[in-house]
Every structure is written in structure tokens, then in C-alpha cells.
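**Q**
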Amino acid sequence: MFMARESLWSQNSTVAPIYLDKVVGALTNGNPNVSVESVILPDGEKYKNMDTLMKVFDKAIESRLDRRCTFVALGGGVIGDMCGYAAASFLRGVNFIQIPTTVMAQVDSSVGGKTGINHRLGKNLIGAFYQPQCVLIDTDTLNTLPDRELASGLAEVVKYGLIRDANFFEWQEKNMPALMARDPSALAYAIKRSCENKAEVVSLDEKESGLRATLNLGHTFGHAIETGFGYGQWLHGEAVAAGMVMAVDMSYRLGWIDESIVNRAHNILQQAKLPTAPPETMTVEMFKSVMAVDKKERLLMKHFMHFASKS
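Numbering (the UniProt record's numbering), first residue to last: 1 to 311.
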């Protein structure tokens with residue numbers, strides 16, 4: 001793989017001790033002229049903000065990097081989103097590589113070019129569409145992933161089955177135990193199929209003017225849960241799982257889908273040990289307040305459910 005003469009690697013305090021030296025060594029092997037700078041960021045959704053982003057810019061500027069450099073994101077979705085936004089902004093744009101180490105990042109956030117940070121009033125309100133030069137996925141990194149993080153990522157896998165790939169959804173219903181047990185072949189297939197689904201949608205609607213909004217199934221409610229309940233209290237996939245059940249239930253109540261779809265969604269998310277309802281303390285007023293500033297709110301009625309016509 002081509003590696004720029006100068007690169008800046010972003011990773012969090014959890015991933016860095018496990019993978020940084022190994023991955024940098026593998027990608028720079030035989031090329032002693034490559035200069036590698038790194039910045040270690042705090043771990044967690046609550047740190048996906050402007051203060052943390054500035055640490056990336058500080059390191060890039062202190063290292064005197066120029067437009068020929070490459071930013072590399074090594075980690076999960078938070079790191080990928082922030083490093084990508086930093087790459088889009090630094091010197092008005094430098095090359096960017098994603099090396100995702102979580103299921104969530106491998107099946108969703110590393111693919112499609114969405115980058116950004118959170119604001120205290122809403123999730124991902126500040127950002128840019130900026131495509132990486134490449135995405136390198138090694139499923140062995142999932143061996144060190146906590147069970148809760150594994151389940152969180154599977155919420156996005158379920159989403160692809162619900163919105164556009166009925167055969168994939170049926171496969172998940174049969175193979176969720178294997179996925180939860182970290183069966184290598186099952187995980188590899190789920191990641192590949194998820195990436196193919198997302199890539200196909202993004203290729204048709206990169207800037208989310210219509211079709212790509214279907215990828216937000218459960219995210220309007222889910223982002224409201226994350227913001228209203230406090231970033232990091234619920235993992236992204238946990239909030240999306242509850243949001244998907246809310247979305248399919250609303251679709252059923254509106255007469256758009258059969259009740260069996262609601263039951264199947266509920267059952268497979270339970271198999272994955274994911275929440276199927278929002279926190280009891282999350283009131284209707286809290287949902288309304290947060291969703292009023294959500295960037296997807298105007299598209300809310302477009303992306304609840306597209307499964308019915310495909311099943």
C-alpha cells in the first residue's frame with residue numbers, strides 16, 4: 001500500500017497500546033523514509049468534540065506537516081469520524097486512510113465518507129463529506145473487542161438487512177449466535193455484505209439527498225437517545241437498536257409494514273443482546289427537543305421503513 005512520506009496517526013488510549021506499533025510497522029516495513037507522527041486521544045463518544053479535534057490539529061501543525069501528508073485513523077467510529085474531519089479541514093484537505101478496529105466502524109462509519117464531531121445540542125452536527133483513499137479491514141482486531149462493543153456494531157448489520165437486503169436479514173436470523181460467538185467466517189461474511197450494501201447506496205447518493213437517508217433507519221431516534229441521555233451512556237449501536245424498533249413500530253402503526261416485521265426486528269435485536277426500547281427516563285419532550293435540531297429531522301418520514309416492498 002502507498003504510504004505518504006509523512007503521516008499522522010490518530011488513535012485512542014485503548015487501541016494504541018494494542019495495535020499502533022504493529023500496524024505502523026507492517027505498513028512502513030521496508031520504507032525507512034516514512035515519517036510517522038501519532039496523537040493519542042481520549043476514548044469515548046463524549047470526547048468526540050472540538051476540544052479533542054484540536055489535539056489532532058495541534059499535532060499536525062507542531063509536526064509541520066504539509067499537503068502531501070496522510071492522516072490515518074486507527075480505531076473505532078469516533079476516531080474515524082474525527083480524524084476524517086481533521087483531514088478534510090487541515091490545509092483544506094489532505095489524504096486520509098481508515099483502519100477500523102470495531103464492528104461498528106468496519107460495517108458502517110469507515111465506509112461512505114461521513115466525518116465530523118458532536119455538539120452539545122446534537123450528534124454529528126459539525127462535519128463534512130470526505131472520502132478516504134482506502135479502508136483497511138482486519139477482522140482479527142475484533143478479537144480484543146469487548147462484548148458490548150461487538151453487539152453495538154451488529155445493530156448496523158441488522159439495519160442493512162431491514163432496509164434493503166431481505167436475504168441477508170434471513171441469514172442473520174439463522175447466524176446471529178455465530179456472530180455473537182465471534183465465528184470468523186460469519187463475521188467476515190457479515191462485514192463484507194454490509195460494506196457492499198452501504199457502498200451501493202453511497203455510490204448512488206453520496207451527499208444524502210434522498211436514497212442514502214434510508215441508511216439512517218433508527219438513527220433519528222437513536223441520536224436523540226445518545227444526546228438526551230448523555231454521550232457515552234448508551235453506545236451508538238445500542239441507541240440505534242432501540243431507535244430501529246421505534247421506527248418499525250411507527251411504520252406498522254402507519255400501515256406501511258406488516259406486524260411480523262416488527263416482531264422479527266425485535267427478536268433479532270434481542271438475540272444480539274441489544275436494547276429494544278429507549279431509556280425509561282427519556283421522555284417524549286426530550287425526544288422532541290433533541291430531534292428539533294437533528295440534521296435528519298426533515299427526512300424523518302422518508303426513512304422509517306423500506307423493507308416491506310423487499311420481503
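Backbone N, C-alpha and C fix where the C-beta goes; we use that ideal spot for every residue, glycine too.
Just curious, the beta strand (DSSP E) that residue 340 is in, first and last residue?
**A** Examination of residue 340 is not possible in this model, given that the chain is present from 1 through 311 alone.
**Q** What is the residue span of the alpha helix (DSSP H) that residue 84 lies within?
**A** Within the sequence shown, the letter at position 84 stands for residue 84. Element bounds for residue 84: 77-89.
**Q** Could you say if the segment 75-89 and the segment 157-170 meet the contact criterion of at least three C-beta pairs nearer than 8 Å?
**A** no
**Q** Thinking just about the alpha-carbon of each residue, which of 212, 154, 227, 263 is nearest to the one in residue 283?
**A** Here the question's residue 283 lines up with position 283 in the sequence shown. Comparing Cα-Cα distances from residue 283 to each of 212, 154, 227, 263, the minimum goes to 227.
**Q** Kindly list the residues whose CB is nearer than 8 Å to the CB of residue 312, restricted to its own chain and excluding five residues on each side of it in sequence; keep chain order.
**A** In the structure as shown, the chain starts at 1 and stops at 311, and residue 312 therefore has no counterpart that could be examined.
**Q** Measuring alpha carbon to alpha carbon, tell me which of 107, 222, 126 ends up nearest residue 154.
**A** Reading the sequence shown from its first residue, position 154 is the one you call residue 154. It is 107 whose Cα lies nearest to the Cα of residue 154.
**Q** Taking C-beta to C-beta, are residue 275 and residue 242 nearer than 8 Å?
**A** Here residue 275 refers to the residue found at position 275 of the sequence shown. Here residue 242 refers to the residue found at position 242 of the sequence shown. Yes.
**Q** Quick test of the definition: if touching needs 3 or more C-beta pairs under 8 Å, does the segment 213-224 touch the segment 278-293?
**A** yes
**Q** Which value, in whole angstroms, describes the spacing of the CA atoms of residue 10 and residue 254?
**A** Numbered from its first residue, the sequence shown carries residue 10 at position 10. Numbered from its first residue, the sequence shown carries residue 254 at position 254. Between residue 10 and residue 254, the C-alpha separation is close to 45 Å.
**Q** With 16 as the cutoff for other CB atoms within 10 Å, does residue 88 come out buried or exposed?
**A** Here residue 88 is taken as the residue at index 88 of the sequence shown, counted from 1. Buried, because 16 or more other Cβ atoms sit within 10 Å of the Cβ of residue 88.
**Q** Who are the Cβ neighbours of residue 205 in its own chain at under 7 Å, not counting the five residues just before and after it?
**A** Stepping through the sequence shown from its first residue, residue 205 is reached at position 205. The residues are 211, 212.
**Q** When we look at the beta-carbon of residue 251 and count the other beta-carbons within 10 Å, is it buried (16 or more) or exposed?
**A** By one-based count along the sequence shown, residue 251 stands at place 251. Burial call: buried.
**Q** Would you kindly work out how many angstroms separate the C-alpha atoms of residue 61 and residue 104, rounded to a whole number?
**A** One-based indexing of the sequence shown puts residue 61 at position 61. One-based indexing of the sequence shown puts residue 104 at position 104. Their backbone Cα atoms lie some 30 Å apart in a straight line.
**Q** Please report the straight-line C-alpha distance between residue 167 and residue 269, rounded to a whole angstrom.
**A** Numbered from its first residue, the sequence shown carries residue 167 at position 167. Numbered from its first residue, the sequence shown carries residue 269 at position 269. Approximately 17 Å between the Cα atoms of the pair.
**Q** Per DSSP, what kind of secondary structure is residue 109 in: helix, strand or coil?
**A** Within the sequence shown, residue 109 is the residue found at index 109, counting from 1. In this structure, residue 109 counts as helix in the three-state DSSP scheme.
**Q** Are residue 12 and residue 79 touching if we call contact CB-CB under 8 Å?
**A** One-based indexing of the sequence shown puts residue 12 at position 12. One-based indexing of the sequence shown puts residue 79 at position 79. In this structure, residue 79 lies closer than 8 Å to residue 12 by Cβ.
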